[in-house]
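Sequences listed follow chains A and B, in order. All residue numbers for the first sequence refer to my numbering, where the first residue is 62 and numbers rise by one. All residue numbers for the second sequence refer to my numbering, where the first residue is 56 and numbers rise by one.
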Amino acid sequence: MTEEIRERVIAFIPRLRRFAFSLTGDWDRMEELVQDTCERALTRHQQWKPGTSLESWMCRIAQNLWKDGLKAKKHRMQVSDDSLHFLTGVDGRNEMEERLTLKAVMAAISRLPADQRLVIALVCIDGRSYAETAEILDIPVGTVMSRLARARQALYAGLYDSERGSPYAKAEG
Amino acid sequence: MDKVTNEMLMAFVDGELDPATRKKIKAALHSDPELRARAAIFEATRQPIAEVFDPILSHPLSQLPKGMRTGAGKEGSAAHAPRDLHWRPEGLFRWFSGLFESSRTLSLAVALCAVFLGGLGIGLLMKTGLVPHDARGAALVAYRDDGLVATGSLDRTLETIGSGSRLAKSVTGGQELEIRPILTFRNRQGQFCREYEVLYPVPSRFAGLACRTEDGDWNVLVHSPVTAQPAPGNDTAVASGGGLETIDAVVGRIIKGNALDPEQETSLMNKGWRGQD
Numbered sequence: 062m063t064e065e066i067r068e069r070v071i072a073f074i075p076r077l078r079r080f081a082f083s084l085t086g087d088w089d090r091m092e093e094l095v096q097d098t099c100e101r102a103l104t105r106h107q108q109w110k111p112g113t114s115l116e117s118w119m120c121r122i123a124q125n126l127w128k129d130g131l132k133a134k135k136h137r138m139q140v141s142d143d144s145l146h147f148l149t150g151v152d153g154r155n156e157m158e159e160r161l162t163l164k165a166v167m168a169a170i171s172r173l174p175a176d177q178r179l180v181i182a183l184v185c186i187d188g189r190s191y192a193e194t195a196e197i198l199d200i201p202v203g204t205v206m207s208r209l210a211r212a213r214q215a216l217y218a219g220l221y222d223s224e225r226g227s228p229y230a231k232a233e234g
Numbered sequence: 056m057d058k059v060t061n062e063m064l065m066a067f068v069d070g071e072l073d074p075a076t077r078k079k080i081k082a083a084l085h086s087d088p089e090l091r092a093r094a095a096i097f098e099a100t101r102q103p104i105a106e107v108f109d110p111i112l113s114h115p116l117s118q119l120p121k122g123m124r125t126g127a128g129k130e131g132s133a134a135h136a137p138r139d140l141h142w143r144p145e146g147l148f149r150w151f152s153g154l155f156e157s158s159r160t161l162s163l164a165v166a167l168c169a170v171f172l173g174g175l176g177i178g179l180l181m182k183t184g185l186v187p188h189d190a191r192g193a194a195l196v197a198y199r200d201d202g203l204v205a206t207g208s209l210d211r212t213l214e215t216i217g218s219g220s221r222l223a224k225s226v227t228g229g230q231e232l233e234i235r236p237i238l239t240f241r242n243r244q245g246q247f248c249r250e251y252e253v254l255y256p257v258p259s260r261f262a263g264l265a266c267r268t269e270d271g272d273w274n275v276l277v278h279s280p281v282t283a284q285p286a287p288g289n290d291t292a293v294a295s296g297g298g299l300e301t302i303d304a305v306v307g308r309i310i311k312g313n314a315l316d317p318e319q320e321t322s323l324m325n326k327g328w329r330g331q332d
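What follows is the structure, given as structure tokens:
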């Protein structure tokens, strides 16, 4: 592996961790998925085609590993308070609000089918374009869009259509 | 216009429509409350969701994954690549990272960085003789009306040197200074941004991030001293500290798409950084 590839892989790790966490919902499982992804990228770096995006290639590896793990019940999402704790601040009031929000988001994402979770993770959380997402998942852009629209409606319903009411229900008139 | 589908509304919210369709949807949204209510679903599931996950970007990594920890083919040895300590916890600037936990505070944090560097940081550094200078003694960063910009060797390096290559200059006193761009990417405003390192002999080292304006200036968002020590069993100095975590956090917030590859970089430099779009 050339030093350049290694540096680019390292530079991508923070984003890879965020992506992996949005899929697994658990800190240890996220670390495991990042580890497995980097290992595979290292051992199979000849499969990456120079001129194409190394980062997209790594996302493709990560989502394949995650889906394989789902079948083997390895990376099944578990949302635990422990895994969310590190993300909260020290201010008590904010901490509670942040925790509720994060917990609610993770719980709502965990109720989506795997294919919908992936498009949410890639587009909404990692900020990928529809075209990049289509390339990573190897599906048409139209499928990304229809899947993502359904996923976001379901996520919204899971987050806001509960007894708490929706902070976004009052669409400005 | 024809029926506006959920996919179209979503693409509008995500900035994925061509300008003509975008204009049409905007007009339709203006006159139709039902459309606005549907669009709100997609707004609520984009930025607010992303913000929940952003703190992970700046969360320290206890250790790099196996195989990433050492130089190529030297797994298990004590040798560290310079960026290995990128996510080591704590450090002088640890508190900075917390400022980036929400995009709402990002601009504030960037402003604070500039204030910090311009007010306290540069002042302190001047006293210690660590203000970054190029071979002729000119500062690498300078104040302009709207903040810090790269000057001298730093400006030339960002403008013309590919990521991973080093511009080496000897400074007065015989010490050698190296500036190395690390990566190039586009931010959400479409500007080209570059992360870089300025390497002096141990223990002086800086890392920074700059974005190119339409005027051709490299606006410096972060230019931060990081500690550098010789790695055990290796002559290479390694950097650590929250300054690097801060840069990672800012990159994670402002990047759009992927980092550019060397061919794209070279092509951009040849065209004077005039990108397509």
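Glycine included, C-beta positions come from ideal geometry on N, C-alpha and C.
Check whether chain B comes within 8 Å of residue i, counting only Cβ atoms and requiring the distance to be less than that.
| i | result |
| --- | --- |
| Arg121/A | no |
| Leu126/A | no |
| Ala168/A | no |
| Leu216/A | yes |
| Gly112/A | yes |
| Ser207/A | yes |
| Ser171/A | no |
| Gly86/A | no |
| Glu224/A | The predicted model places Glu224/A with a pLDDT of 42, which falls under 50 and marks its position as unreliable, so this point remains unresolved. |
| Arg69/A | yes |
| Gly153/A | Bear in mind that a pLDDT of 40 at Gly153/A, under 50, signals an unreliable position, so the model cannot answer this. |
| Tyr221/A | yes |
Could you check if residue i is buried or exposed, using at least 16 other CB atoms within 10 Å of its CB as the buried criterion?
| i | result |
| --- | --- |
| Pro201/A | exposed |
| Asp210/B | buried |
| Gly207/B | buried |
| His69/B | Reading off the sequence shown, one finds Asp at residue 69/B, where the question assumed His. So Asp69/B counts as buried. |
| Gln108/A | exposed |
| Gly271/B | exposed |
| Arg235/B | buried |
| Asp57/B | exposed |
| Pro110/B | buried |
| Glu318/B | exposed |
| Pro74/B | exposed |
| Ala294/B | With a pLDDT of 41 at Ala294/B, under the threshold of 50, the modelled position of this residue cannot be trusted; read the value that follows with caution. It is buried - the Cβ of Ala294/B has at least 16 other Cβ atoms within 10 Å. |
| Glu116/A | buried |
Under DSSP, the alpha helix (DSSP H) around residue i begins and ends at which residues?
| i | result |
| --- | --- |
| Arg91/B | Pro88 to Ala99 |
| Cys120/A | Leu115 to Lys132 |
| Trp328/B | Here Trp328/B belongs to no alpha helix (DSSP H), and DSSP marks it neither H nor E. |
| Gly219/A | Val202 to Tyr221 |
| Trp88/A | Trp88 to Thr104 |
| Arg178/A | Ala175 to Val180 |
| Asn61/B | Asn61 to Val68 |
| Arg211/B | Gly207 to Thr215 |
| Leu183/A | Element bounds for Leu183/A: n/a, residue is neither H nor E. |
| Thr194/A | Tyr191 to Leu198 |
| Leu112/B | Pro110 to Ser113 |
State yes or no: is the beta carbon of residue i nearer than 8 Å to at least one beta carbon in chain A?
| i | result |
| --- | --- |
| Leu147/B | At Leu147/B, the pLDDT of 23 sits below 50, so the modelled position is not reliable; the number obtained from the coordinates is stated separately. False, the Cβ-Cβ gap to chain A never drops below 8 Å. |
| Ala75/B | no |
| Ala343/B | Nothing in the structure corresponds to residue 343/B, since chain B is present only between 56 and 332. |
| Ile80/B | no |
| Ile216/B | no |
| Glu71/B | yes |
| Thr321/B | no |
Closer than 9 Å by beta-carbon distance: list the chain B residues that pair up with residue i, in chain order.
| i | result |
| --- | --- |
| Arg78/A | Ile111, Leu112, His114 and Leu116 |
Could you spell out where the beta strand (DSSP E) holding residue i opens and where it closes?
| i | result |
| --- | --- |
| Leu70/A | The amino acid at residue 70/A is misidentified as Leu; the sequence shows Val. Taken as a continuous stretch (DSSP letters only), Val70/A belongs to no beta strand (DSSP E), being part of the alpha helix (DSSP H) at Glu64 to Thr85. |
| Val253/B | Phe247 to Leu254 |
Chain B partners of residue i, CB-CB under 7 Å?
| i | result |
| --- | --- |
| Pro75/A | Leu112, Asp303 and Gly307 |
| Val95/A | Pro120 |
Using the beta-carbon of each residue, which ones in chain A are nearer than 8 Å to residue i?
| i | result |
| --- | --- |
| Asn313/B | Ser114, Leu115, Glu116, Ser117 and Glu193 |
| Ala105/B | Cys185, Ile186 and Gly188 |
| Asn61/B | Ala210 and Gln214 |
| Met65/B | Met206, Leu209, Ala210 and Arg213 |
How would you list, in chain order, the residues of chain B whose beta-carbon sits under 8 Å from the beta-carbon of residue i?
| i | result |
| --- | --- |
| Glu65/A | Gly219 and Pro317 |
| Leu243/A | With chain A running from 62 to 234 in the structure shown, residue 243/A is simply not present. |
Anything in chain A within Cβ reach of residue i, meaning under 7 Å, just list it in chain order.
| i | result |
| --- | --- |
| Leu238/B | Ala72 |
Can you name the residues of chain A whose CB is closer than 9 Å to the CB of residue i?
| i | result |
| --- | --- |
| Ile234/B | Residues of chain A passing the Cβ test: none, with the nearest at roughly 16 Å. |
With a threshold of 8 Å between beta-carbons, can residue i be considered close to chain C, or not?
| i | result |
| --- | --- |
| Leu179/A | In the displayed structure, chain C is absent; the protein chains listed are A and B. |
- Is the region 96 to 103 of chain A touching the region 192 to 212 of chain A in the sense that three or more CB pairs, one from each, lie closer than 8 Å? no
- Task: State whether the region 82 to 90 of chain A contacts the region 234 to 247 of chain B, with contact taken as three or more CB pairs (one from each stretch) at a distance under 8 Å.
- Result: no
- Quick one: any contact between the region 72 to 88 of chain A and the region 169 to 184 of chain A, if contact means 3 or more CB pairs under 8 Å? yes
- Query: For the 8 Å Cβ check, are there 3 or more pairs between the region 76 to 86 of chain B and the region 162 to 181 of chain A?
  - Reply: no
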